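Asks: Have a look at this one before I ask anything.
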Amino acid sequence: MATLTNAGDGPLQVPGFGSIPLTFELPPEARFAHGLGEYRHSPRLTKREMAMLRLMQHITEQLGWDRTVLDSDETKLAQWYQDAVEGTEGYLISTAAWNWCLAELRDKAEAWQVTGRLLVFDSSSAVCQADLPMKLSLEEIQKEVAQLGPQQAHGYPLVDPSLYPLVYDRSHVLVHGGHGSLDNLWGIAREVTKELPVYPVDQAERWPGADAYWMPGKMGTENCWSNRFQWLPCEVQFSSMSSQTPNDGPDVRITSYVNNLHPDHHTRLYKHLEHVIAASVPSWNEILFYGNTRGRHPPRILTYGCQIHNYMEEHKLFKDLLWASTWADLFDTYEEWQELCAAAREYSIGPEPPKWKQADFGWPTKLLEDMTPEQWDNPEHVRCLLESKRRRKAWFDHPEPGVSFSYEQWKQGQFTGRAIRPQRYGKFPDPLNHDHTAVRLEHTFKEDGLQVVVEINRIELTPEDPEYPGDTHFHTEGLRNDHIVATSLYAAEANNVTQARVAFEHEDKVHASELNCEEVPAALSTVLDVDSWETHEQPPPRALHTFGSVPITEGRLLSWPNTYRSKQESFRLRDPSQPGNMTLIKLRLVDPHYRVCSTRNVPPQQHDWWAPAARQAADLDNRLPPELVLSVMKQVDWWPMSTVEAQHLREELHGDHERARTAIDECVGHHFLIFPPYNPWRARQLAEEHDVVYESP
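Counted from 1, the sequence shown has number 172 at position 181 by my numbering; the numbering is strictly sequential.
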C-alpha cells in the first residue's frame, strides 16, 4: 500500500502529487466511511424506528430532560407520552416503543451528565451534540470574529475555504520537501507544480451518452472529483493528553495557517479554533466508522416482512357473486336478490381497522354512498363494493422493538442480526452480532495529527433583509479530492434570530429479493416507510430516509459523519425591527488515514498577505521613494494570486461542487417493493421507463 506523507522531510506523496494518483483511495476497511457516492445504510429502518428516533430527539430538546428521565418524574413522563401518542406519528409509539425509548433515554441522560455529549438520530450514523467547556468564552470569540468584518445574509463566509484553494495548475507547492509553519509562512518553494494529467471528469465526458448510464459506484462517482481544485486544510497536532477530561478533548495546536485567516493578525482566534477542534475530537470519536462496516449502531427493529391478518377473508357473499353477470343468474326472484344486497350493505358498513393499520390502503372508501339503484342491480358493481371492503379489512401491525433481541442485547450488539421476519433470500445476510471498531483519533493519529478545513460564517440580518434562506439542497461535504469524513458546527453567537436547525437524511438500500411479504407488498412499503407510487405515472421512490432536524444552539457543538446528507434550514429575525446575527464555525475533518496537500505544503496565495511581507523583506521603503515603491508593488499585484483571480477560481470550484452534488443526487437508487415475489426483469423495465437507477445496490 502506498505511503502518504506531507511532512516536508522528503518529496510530497499525497493524492495528485509524487507517485500517488489523484484518485488514489484506500480500501474501505483502512479508512472511514463517506457518503460521496459510496456508503449507503443497510437495511432500511422501519417507520416505527424512525418515529422512535424523532421522539427521542424531540425529548432531548426539552429543558431539564435528563433530570426528568433520571428522576423518573412520572407526571412529566406521562405528559410526554401523551403528547407523543397524540402527535402525527403517535400511532407508531406503542407501549413497547415507549418503554424502549425510556430505557435508551436513561442511558443517554447518564452519558450527557458525565461527558456533556449526546447522540441523536443514532443508527449507522449519528449526530453528536456537545456543550463546550467554560474555557471557551463566547464573548471573546464573538469579538474576534467581528474583527473579520461584516458579512451579509447571502454573502460568502468570512473565512472561506473555497477562496485561494489548491489549484493544481496554478498554486505553488513544496513538492520536493520543506514546509511552511506559523512562524515561517512562505517557506522556500523548490518547484512549482505543472498542470496535472486528465482526470475522471474529462474521461466521463468523453463517453457517448455518459449521463444516461450513471449508476451507483460507476459513472456517477467520477463527477465527485475535481480536475483543478482541493480545499487546503490546516495541520493540527496533538500536543498533550494530560488535560483531557470526559468533558474535554486533548490539547491540540494548529501548526500551519488556516486558509484565509492570517495567523499574525488573529492570534487569539487561532487559540479559540484550537479549543473548538479539541472539543470536536471526542465527538468525532463517537460518530466515525470504517467503510467496510454497517455503521455505529444496528437497527432497533429488524424485519424483512410483516404478517397480514384477515387477508382475503372467506364470506358466502363472494362465492355467490363469483360468476354472476345479472341477478337472474343467481336467484329466481328479485326479492331474493334484495336480501343479498341487504347483506352486502351490512358487510360494507361493518368495522374495519384504522387506515394506518390497513394492509392494502389504496382501495376506495366511498363506494357504498356512491352506489346508484342501477348499480345495485348489477352483480359486478356489488362484487366491487364487497371486494373493496374486504381489502380494507386486511390489517397488519408495525413490528415492535424488543421482539427478536432485547434493549440490553442491542446495546451490546448481540443477536441484532436476528430478524422478526427473516430474509426470503439474498446475497447480503445480516451478521448475527453487530461489530464496531472503537475510534480514538488522539491515540491512533497522535504522531501525524489531523487535517481540518476551517470555515467561519457571520450571518447578518437586518429589518431590510430579515431572513436567511438556508441551504437549497441536502448535500454531503466537499469533493472526493478533499476526503472529508466528518463535520463539526459550533454556534458562537445567536442574537435576535429564530431557532436555526440542521436537517439530516441518509441514503439507504433495500434489496427487494430479500423481502418476505408476498400477500400485500403495499403493507411492507408502509412498514419500511417507502412512499407509494403509481407505476405508470410516477418514478419509484428514491432510496433516501429523512430523519428530521437538530437545533443550532449558541455555545453548542454539532458533529456528524459525512455519511449523512445535511441541510441548514432557514431562520429569520426574532424581532423584525432590530438587526440580528448568527456566527457559525464549521470544521471539516479530512480522513486522517490519508494525508492531503495542506497549508503546510502551499505558501499563502493571498497577495494581500504576501505584499507587506515582501515589501518589508526587500526593505523597499528605505531603499526607494514612496512613488517608486507603489509602482513596484503595482507591477506584482497578481502575485502569488490576485483577489480578482481568486474570486473567479472560487466560482469555478463552486461549479465543481454543484456538479458533484448533482451527480450524487442522480446516483441515488430507487426502491422497487411492489412486485413480490421479486421480478428483476420487471423492476429493470420500470427503471428504464422512468430513466432512474435500477435498484439500490
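Where a beta carbon is used, it is the ideal one built from N, C-alpha and C, also for glycine. Bear in mind that the values here come from a model prediction, so they are computed numbers and not experimental data.
Using only alpha-carbon positions, find the residue among 655, 503, 425 and 228 that is nearest to residue 464.
Replies: Here the closest residue by C-alpha is 655.
Asks: What is the DSSP secondary structure of residue 276, reduced to helix, strand or coil?
Replies: Helix, per DSSP.
Asks: On the DSSP letters alone, give me the boundaries of the alpha helix (DSSP H) that residue 136 sits inside.
Replies: Start and end: 129 to 137.
Asks: Measure the alpha-carbon distance for residue 384 versus residue 91 and round it to whole angstroms.
Replies: One C-alpha to the other measures close to 30 Å.
Asks: Provide the residue(s) that pair with residue 386 in DSSP beta bridges, ordered along the chain.
Replies: BP columns for residue 386 point to 300 and 349.
Asks: May I have the straight-line CA-CA distance separating residue 588 from residue 519, to the nearest angstrom?
Replies: Cα to Cα, the separation comes out at about 43 Å.
Asks: Going straight from the alpha carbon of residue 440 to that of residue 54, what length do you get?
Replies: C-alpha separation (whole angstroms): 37 Å.
Asks: So which of 109, 506 and 36 has the shortest CA-CA distance to residue 292?
Replies: The candidate whose alpha carbon is nearest that of residue 292 is 36.
Asks: What first and last residue would you give for the beta strand (DSSP E) that runs through residue 536?
Replies: Where residue 536 is concerned, the enclosing beta strand (DSSP E) stretches over 535 to 543.
Asks: Between the alpha carbons of residue 367 and residue 307, how many angstroms are there, rounded?
Replies: Cα to Cα, residue 367 sits roughly 18 Å from residue 307.
Asks: What's the C-alpha gap between residue 426 and residue 284?
Replies: Going by the C-alpha atoms only, they are around 7 Å apart.
Asks: Please say whether residue 1 and residue 168 have beta carbons closer to each other than 8 Å?
Replies: For residue 168 and residue 1, yes; Cβs fall inside 8 Å.
Asks: Could you check the C-alpha separation between residue 41 and residue 536 for me, to the nearest Å?
Replies: When rounded, the distance between both Cα atoms is 9 Å.
Asks: Between the C-alpha atoms of residue 391 and residue 302, what's the straight-line distance to the nearest angstrom?
Replies: Straight-line Cα distance between these residues: approximately 21 Å.
Asks: Report yes if the C-beta distance between residue 594 and residue 223 is below 8 Å; otherwise report no.
Replies: Not in contact: residue 594 and residue 223 (Cβ atoms no closer than 8 Å).
Asks: Determine the burial state of residue 561: buried for a count of at least 16 other Cβ atoms within 10 Å of its Cβ, exposed for fewer.
Replies: The residue is exposed, with fewer than 16 neighbouring Cβ atoms inside 10 Å.
Asks: So what's residue 284 in DSSP terms, helix, strand or just coil?
Replies: Coil, per DSSP.
Asks: Apply the 10 Å Cβ neighbour rule to residue 254 and answer buried if 16 or more other Cβ atoms are within range, or exposed otherwise.
Replies: It is buried - the Cβ of residue 254 has at least 16 other Cβ atoms within 10 Å.
Asks: Could you tell me which residues DSSP puts in a beta bridge with residue 452?
Replies: Looking at the DSSP assignment, residue 452 forms a beta bridge with 571.
Asks: With 16 as the cutoff for other CB atoms within 10 Å, does residue 259 come out buried or exposed?
Replies: Flag for residue 259 reads exposed.
Asks: Cutting at 7 Å between CB atoms, please list the residues of its own chain near residue 230, excluding the five before and the five after it.
Replies: Counting only Cβ-Cβ distances below 7 Å, and skipping sequence neighbours, we find 242, 243 and 244.
Asks: Quick one: what does DSSP say residue 3 is sitting in, helix, strand or coil?
Replies: Coil at residue 3, not helix or strand.
Asks: Suppose contacts are defined by Cβ-Cβ distances below 8 Å. Is residue 563 in contact with residue 422 by that definition?
Replies: Going by C-beta atoms, residue 563 is not nearer than 8 Å to residue 422.
Asks: Assuming residue 648 and residue 470 make a contact with CB atoms under 8 Å, what is their CB distance in whole Å?
Replies: Confirmed, about 7 Å.
Asks: Please look up how many angstroms separate the CB atoms of residue 472 and residue 13, rounded, as I've assumed it's under 8 Å.
Replies: Between residue 13 and residue 472 the Cβ distance is about 7 Å, and since that is below 8 Å, they are a contact.
Asks: Does the distance from the CB of residue 550 to the CB of residue 103 come in under 8 Å?
Replies: In this structure, residue 103 does not lie closer than 8 Å to residue 550 by Cβ.
Asks: If you reduce the DSSP assignment to three classes, tell me which class residue 338 lands in.
Replies: Residue state, collapsed to three classes: helix.
Asks: Determine the direct distance from the alpha carbon of residue 492 to that of residue 498, and round the result to whole angstroms.
Replies: Those two C-alpha atoms are separated by around 20 Å.
Asks: Are the Cβ atoms of residue 87 and residue 351 separated by less than 8 Å?
Replies: Contact flag unset, no.
Asks: So, under 8 Å CB-CB, residue 417 and residue 505 are touching, yes? Tell me the CB distance rounded to an integer number of Å.
Replies: At roughly 4 Å, the Cβ-Cβ gap stays under 8 Å, so residue 417 and residue 505 are in contact.
Asks: In whole angstroms, what is the alpha-carbon distance linking residue 204 and residue 657?
Replies: In this prediction, residue 204 scores a pLDDT of 34, lower than 50, which makes its location untrustworthy; the coordinate-derived value is nonetheless stated afterwards. If I take the Cα positions, the gap works out to 11 Å.
Asks: Hey, out of 325, 580, 312 and 386, whose CA is closest to residue 342's CA?
Replies: When each option's Cα is compared against that of residue 342, the closest is 386.
Asks: Just how far apart, CA to CA, sit residue 120 and residue 111?
Replies: Going by the C-alpha atoms only, they are around 8 Å apart.
Asks: Using a Cβ-Cβ cut-off of 6 Å (strictly less than) and excluding sequence neighbours within five positions of residue 43, which residues of its own chain qualify?
Replies: So the list reads 88 and 92, once near-sequence residues are dropped.
Asks: Between residue 251 and the rest of its own chain, which residues show a CB-CB distance below 8 Å, the 5 nearest in sequence each way excluded?
Replies: Result list for residue 251: 150, 151, 152, 154, 155 and 597, in chain order.
Asks: Does DSSP put residue 10 in a helix, in a strand, or in coil?
Replies: Coil at residue 10, not helix or strand.
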